[in-house]
Amino acid sequence: MTTRTAARSTGLPVRLRAAPPGWELSADVCVVGSGVAGLCVALHARAAGLTVAVVTKVQVDDGSTRWAQGGIAAVLGANDTPAAHARDTEVAGVGLCDRAAVLALVTEGPERRHQLISWGAAFDRDGAGRLLLTREGGHSTDRIVHAGGDATGVEVQRALTEAVAADPGITLVEHAMVLDLLTDATGRAAGVTLHVLGEGSADGVGAVRARAVVLATGGMGQVYAATTNPAVSTGDGVALGLRAGAVATDLEFVQFHPTALHVGPGARGQQPLVSEALRGEGAVLRDGAGVRFLTGVHELAELAPRDVVAKAITRVQLRDGVDHVWLDARDVPGVAERFPTIAASCRQVGIDLATDLVPVTPAAHYASGGLATDLTGRTTVAGLYACGEVACTGVHGANRLASNSLLEGLVFAGRIGAALARDLPVPAAAEPAPAVPGGLLDPAVRAELTATMSSRVGALRSGAGLAEAADRLAGLAARGDDVRPGVDSWEATDLLTVATALTAAAAAREETRGCHWREDHPDAEDGWRVHLDVRFDDAGHVQLSRRTAGTPVAVGW
Ligand code: SIN
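Numbering-wise, the working numbering comes out as the position in the sequence shown, counting from 1, plus 47.
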């Protein structure tokens, strides 16, 4: 069944307006993005003897990976099994996880984590040299490794960046914002256009020609006013994929992390994370009267899956008319030493993690959906792969389990590496970029866009609010035409693209499931055990179609 959204007078751009490419670079594989997913794909492609260009919007370590405080979940030890990890993942995903993808994650995860260690990542160990295992929300046992207490991402990024830098077959292009996909005469991905803010020959709009393109651009948290995501997370990969004709799915399932540090009223942009690992070590949540409010809500209390905790916090905030609740970590032994990143963030706003209550509030954290892929990372556009947060492999369903995201990057990067080794065609000439319809969004309206998303498409949604958001976004699209091309307007346009698609999917899903919470449809409905696939028509209008859970997306190449 296909549902078309109401016709909009203004479609979204199906190509970004930019100058014609003035320079180019060639490689077997073009990887867009340089976090755990992108760099692991690059290393696997090199192991298969392929040359790789990694292009990244700012510097190599500016993506989400570096900010990961939580760790990498994978089975280790006698008290755990892949079946238990799969069960926890599927419980969190509330009926929408893809079984085969989950099995790949939990069975291949331990070996991929070990491989990361062999590439140089050092994780926390006990006195006898054994990996220290901890727990986060939704996990039935301890299976998560961390580095530096709460600095796992810093260590993963460091190790992978060094491994990539040591390989002369990988060309790294920094300060390169990806624009659109290039295709050959058959419609297969043949590279990307991008804009480099550099010095020397590779300034301005250029192109990387390649036999395959792997998007590893991370998430879209910046579509909201407050997020744990860094500034670069503007949904560029999903927007590029939609413009290129790819199917995105599960976009409505945006995970709100329950405990971002509340730094003050009206905080905007990236907010400091207060890791769930603190709750794994015994920290509890309290309302303004000092009362714990999770104990009657879920048997795991503060270690319930993330959507349950975020909803409970939001309810207290609405009930009491407050903009934060309190995290009490005062009884966690050695808390400031064990969680140095969080202690430092707290110190910056005058809070002592060891002796004070910490003000926290939910913030947009993770896109459980993305470009739909099969089990080898292939999207529905030939030659275009997606890996990491930009992808929807089917692992997360309606809500990602904590510390499964770095793991997903590791596992599916390995699968994409194997597919690239098998499947690359002979090089073909890329067609010239087609004419450019549509306008760019004026970056000045970005604040209105993010405010609309936070107030109408946030943790708690309603049909009326979603309809209002869709109208406001359509109004912004209609205001776009004469804007000068540049990083600000391309980013704003990508944000509008993903915001429009996300809002359409959230409005269509008339139920509450996982991290999609509708106050006008408060229960999960059997009839909604479906994925909502999103694609653009030729005029840049969103089309939605339902796909029964358990039915893989038709990749067809
Ligand atoms: C956290 O440390 O709470 C975040 C971990 C994750 O998002 O998986």
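For glycine and all other residues, C-beta sits at the position ideal for the given N, C-alpha and C.
Near residue i, what residues of its chain come up, given a Cβ to Cβ distance below 7 Å and the 5 sequence neighbours on each side ignored?
i       : result
Val-201 : Arg-113 and Gly-195
Thr-598 : none
Val-285 : Met-267, Ala-295, Gly-417, Leu-418, Val-437 and Val-545
Phe-300 : Ser-415, Gly-416, Ala-445, Asn-446, Gly-561, Cys-562 and His-563
Leu-150 : Ala-133
Ala-376 : Leu-325, Ala-330, Val-382, Leu-400 and Val-405
Arg-93  : Val-99, Asp-214, Gly-216 and Ile-217
Thr-550 : Val-504, Leu-513, Ala-516, Ala-517 and Leu-520
Phe-607 : Only positions 48 to 604 of the chain appear in the structure, and residue 607 is not among them; the question remains open.
Ala-121 : Gly-156, Pro-157, Arg-160, Arg-190 and Leu-454
Thr-559 : Arg-565, His-568, Pro-569, Asp-570 and Ala-571
Phe-340 : Leu-332, Asp-334, Ala-359 and Val-363
His-345 : Ala-351 and Val-355
Thr-361 : Pro-409, Ala-506 and Leu-507
Cα separation between residue i and residue j?
i       : j       : result
Asp-354 : Leu-228 : 35 Å
Pro-277 : Ala-139 : 25 Å
Ser-502 : Ala-445 : 21 Å
Thr-49  : Ala-213 : A caution first: Thr-49 carries a pLDDT of 48, below 50, which makes its placement in the model unreliable, though a value can still be read off. Cα to Cα, Thr-49 sits roughly 49 Å from Ala-213.
Asp-489 : Glu-221 : 25 Å
Leu-219 : Thr-98  : 11 Å
Ala-210 : Leu-90  : 8 Å
Ala-147 : Ala-293 : 22 Å
Ala-257 : Asp-75  : 5 Å
Thr-595 : Asp-231 : 32 Å
Gly-609 : Gln-162 : The displayed coordinates of the chain run from 48 to 604. Any statement about residue 609 would go beyond what the structure contains.
Ala-359 : Val-369 : 13 Å
Ala-314 : Lys-104 : 25 Å
Ala-675 : Ala-357 : The chain is shown only over 48 to 604; residue 675 falls outside these bounds and no answer can be derived.
Leu-178 : Trp-604 : 41 Å
Ala-95  : Ala-460 : 13 Å
Gly-316 : Val-534 : 17 Å
Ala-336 : Ala-466 : 56 Å
Gly-117 : Phe-170 : 12 Å
Arg-182 : Ala-548 : 34 Å
Leu-365 : Leu-86  : 42 Å
Ala-53  : His-588 : Unreliable placement is indicated for Ala-53, whose pLDDT of 41 sits below 50; the coordinate value is still reported in the next sentence. Spanning the two alpha carbons is a distance of roughly 9 Å.
Val-379 : Gly-184 : 16 Å
Arg-64  : Asp-145 : 37 Å
Arg-51  : Arg-62  : In this prediction, Arg-51 has a pLDDT of 46, which is less than 50 and means its spatial position is unreliable; what the coordinates show is noted afterwards. Taking the straight line joining both Cα atoms gives about 21 Å.
Asn-451 : Ala-131 : 14 Å
Asp-297 : Ala-511 : 21 Å
Leaving out five residues before and five after residue i in sequence, what residues of the same chain have Cβ atoms less than 6 Å from its Cβ?
i       : result
His-186 : Asp-135
Leu-431 : Ala-236 and Val-260
Ala-223 : Val-102, Leu-241 and Val-243
Thr-420 : Thr-426, Ala-433, Ala-438 and Thr-440
Val-474 : For the record, residue 474 in the displayed sequence is Pro; it is not Val. Counting only Cβ-Cβ distances below 6 Å, and skipping sequence neighbours, we find Arg-258.
Ala-19  : With the chain covering 48 to 604 only, the question about residue 19 has no answer from this structure.
Ser-392 : Leu-308 and Pro-319
Gly-245 : His-222
Val-310 : Val-396
Ser-322 : Gln-116, Gly-117 and Asp-197
Gln-204 : Asp-108, Thr-112 and Arg-113
Check the Cβ-Cβ distances between residue i and every residue of chain C, and say whether any is below 7 Å.
i      : result
Ala-89 : Chain labels in this structure do not include chain C; a single protein chain is all it has.
Short of 8 Å in beta carbon distance, which residues of its chain neighbour residue i, apart from the five on each side in sequence? Order them along the chain.
i       : result
Ala-180 : Strictly speaking, residue 180 in this sequence is Leu, with Ala absent from that position. Only Leu-123, Gly-124, Asp-189, Arg-190, Ile-191 and Val-192 meet the Cβ criterion.
Val-492 : Leu-523, Arg-526 and Ala-539
Gly-617 : Since the first residue of the chain shown is 48 and the last is 604, residue 617 is not available in this structure.
Thr-611 : It is not possible to answer for residue 611, since the shown part of the chain is limited to 48 through 604.
Asp-585 : Val-61
With a cut-off of 8 Å on the beta carbons, I'd call residue i and residue j a contact; round off their distance for me.
i       : j       : result
Ala-553 : Arg-508 : 6 Å
Gly-251 : Gly-69  : 5 Å
Val-442 : Ala-263 : No, Val-442 and Ala-263 are not in contact; Cβ-Cβ is about 15 Å, not under 8 Å.
Ile-119 : Arg-160 : 5 Å
Glu-388 : Ala-168 : For clarity, residue 388 is Thr in the given sequence; the question names Glu instead. That belief does not hold up - the Cβ atoms of Thr-388 and Ala-168 are roughly 17 Å apart, past 8 Å.
Pro-60  : Gly-327 : No, Pro-60 and Gly-327 are not in contact; Cβ-Cβ is about 44 Å, not under 8 Å.
Val-270 : Met-500 : 5 Å
Arg-575 : Arg-556 : In the sequence as displayed, the identity of residue 575 is Trp instead of Arg. So it is a contact: roughly 6 Å between Cβ atoms.
Arg-462 : Thr-423 : 5 Å
> Three or more C-beta pairs closer than 8 Å, one from the segment 280 to 291 and one from the segment 578 to 592: is that the case here?
Replying inline: Yes, since at least three Cβ pairs between the segment 280 to 291 and the segment 578 to 592 fall closer than 8 Å, the two stretches touch.
> Is the segment 424 to 442 close to the segment 75 to 92, with three or more CB pairs under 8 Å?
Replying inline: Enough Cβ pairs lie closer than 8 Å, so yes.
> Does the segment 556 to 574 come close enough to the segment 403 to 410 to have 3 or more Cβ pairs within less than 8 Å?
Replying inline: Result no; under three Cβ-Cβ pairs closer than 8 Å.
> At what residue ranges does the segment 310 to 346 contain a whole run of the alpha helix (DSSP H), taking only runs of 4 or more?
Replying inline: Restricted to the segment 310 to 346, the alpha helix (DSSP H) segments that are unbroken, complete and at least 4 residues in length are 323 to 327, listed in chain order.
> Hey, which unbroken runs of the alpha helix (DSSP H) at 4 residues or more fall wholly within the segment 430 to 508?
Replying inline: Counting only runs of 4 or more, we get 452 to 470 and 493 to 503.
>> Quick check on the DSSP output: what are the complete beta strand (DSSP E) runs of length 3 or more inside the segment 213 to 301, in order along the chain?
In response: Taking only runs of at least 3 residues, the beta strand (DSSP E) segments lying wholly in the segment 213 to 301 are 217 to 220, 223 to 230, 236 to 243, 251 to 256 and 259 to 262.
> Which whole runs of the alpha helix (DSSP H) in the segment 349 to 434 are 4 residues long or more, in chain order?
Replying inline: Counting whole runs of 4 or more residues, the segment 349 to 434 contains the alpha helix (DSSP H) stretches 353 to 367, 382 to 385 and 387 to 395.
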